[in-house]
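A.B. asks:
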Amino acid sequence: MKNKEQMDQETNQPLEDQLVDEKLQQESDLSTDQIQPESLESKLEAEVADLKDKYLRLYSDFENFRKRTAKERIDLIKTASEDVLKELIPVVDDFERAFRASESETDVSKVREGNQLIFHKFLKVLESKGLKPMEDLIGKPFDADTQEAITQIPAPSDDMKGAVIDVVEKGYTLGEKVVRFAKVVTGA
Numbered sequence: 397m398k399n400k401e402q403m404d405q406e407t408n409q410p411l412e413d414q415l416v417d418e419k420l421q422q423e424s425d426l427s428t429d430q431i432q433p434e435s436l437e438s439k440l441e442a443e444v445a446d447l448k449d450k451y452l453r454l455y456s457d458f459e460n461f462r463k464r465t466a467k468e469r470i471d472l473i474k475t476a477s478e479d480v481l482k483e484l485i486p487v488v489d490d491f492e493r494a495f496r497a498s499e500s501e502t503d504v505s506k507v508r509e510g511n512q513l514i515f516h517k518f519l520k521v522l523e524s525k526g527l528k529p530m531e532d533l534i535g536k537p538f539d540a541d542t543q544e545a546i547t548q549i550p551a552p553s554d555d556m557k558g559a560v561i562d563v564v565e566k567g568y569t570l571g572e573k574v575v576r577f578a579k580v581v582t583g584a
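Positions 397 to 584 (the numbering used here) are the ones given, in order, by the sequence shown.
(1) With H, G and I counted as helix, E and B as strand and the rest as coil, what does DSSP make of A497?
(2) Buried or exposed: where does T428 fall if 16 or more other Cβ atoms within 10 Å of its Cβ makes it buried?
(3) At what residues does the alpha helix (DSSP H) containing I514 begin and finish?
(4) On the DSSP letters alone, give me the boundaries of the beta strand (DSSP E) that A476 sits inside.
(5) Counting C-beta neighbours from all protein chains within 10 Å, is the total for T465 16 or more, i.e. buried, or is it exposed?
(6) Which residue's Cα is closest to the Cα of P486: K517, P537, D555?
(7) For D572, name the three-state secondary structure that DSSP assigns.
(8) Check the C-beta distance from A551 over to A578 and give it rounded, since I have them as a contact under 8 Å.
(9) Would you call K566 buried or exposed, if buried means 16 or more other Cβ atoms sit within 10 Å of its Cβ?
(10) Considering only the beta carbon of each residue, do M530 and T542 sit closer than 8 Å?
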């Protein structure tokens, strides 16, 4: 049989081996812990660099979009009236023809008739774009939202007090917006 001393040595041997193994394991854990922060740090740096790149690309795209829309807005403002002007060119041509024809025309009624035709054509172009004259203002109450009173005169009757007596200059609306206020004379 084994004596007690031999048994103690045998049982201690595995304990010593176990302690050595634990010590080696701790050292390897420490070395992987030391390696992990470095690899984690490099991963974070790579992620930060990637996010910075994405941010710069997004910022550049936004700046390009902003510049492009600003340029488009300026171009739109410059050419906004192009379609109206294209429709007015034939009216200008008609005026030029009327001027040439009126130089040799002796009948004033024909010149007047030609001018009226051109005037009506011009009004049709303006109406097609939504411009409408303010009509039938005489006798109606003064409206400060659409009219401008340039003077007051004594009203011919009591029902004309505060009403429009005469229109000096027609007013115009474009859709619902007043483009030019009507200049009127009101009764006092």
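Quick reminder that beta carbons are idealized off the backbone N, C-alpha and C, glycines included.
C.D. replies: Looking at the coordinates:
(1) Indexing the sequence shown from 1 puts residue 497 at position 101. Correct three-state label for A497: helix.
(2) As a position in the sequence shown, residue 428 is number 32, starting the count at 1. Unreliable positioning characterises T428 in this predicted model, as indicated by a pLDDT of 48, which lies under 50. A coordinate reading is not provided.
(3) As a first step, residue 514 is located in the sequence shown; it is residue number 118 there, counting from the start. Element bounds for I514: 504-524.
(4) Here residue 476 refers to the residue found at position 80 of the sequence shown. Run containing A476: none; DSSP gives neither H nor E here.
(5) For the purposes of this step, residue 465 is identified with residue 69 of the sequence shown, where counting begins at 1. Label assigned to T465: exposed.
(6) Your numbering for residue 486 matches position 90 in the sequence shown. Residue K517 is the option with its Cα nearest to P486.
(7) Position 176 of the sequence shown, counted from the start, is the residue given in the question as residue 572. It is worth fixing the name first, because residue 572 is Glu in this sequence and not Asp. It is coil, neither helix nor strand.
(8) For the purposes of this step, residue 551 is taken as residue 155 along the sequence shown, with counting starting at 1. For the purposes of this step, residue 578 is taken as residue 182 along the sequence shown, with counting starting at 1. Contact flag wrong, Cβ pair sits at about 18 Å.
(9) Within the sequence shown, the letter at position 170 stands for residue 566. With fewer than 16 other Cβ atoms within 10 Å, it is exposed.
(10) Residue mapping note: residue 530 aligns to position 134 of the sequence shown, counting from 1. Residue mapping note: residue 542 aligns to position 146 of the sequence shown, counting from 1. It is a contact, given that the beta carbons lie within the stated cut-off.
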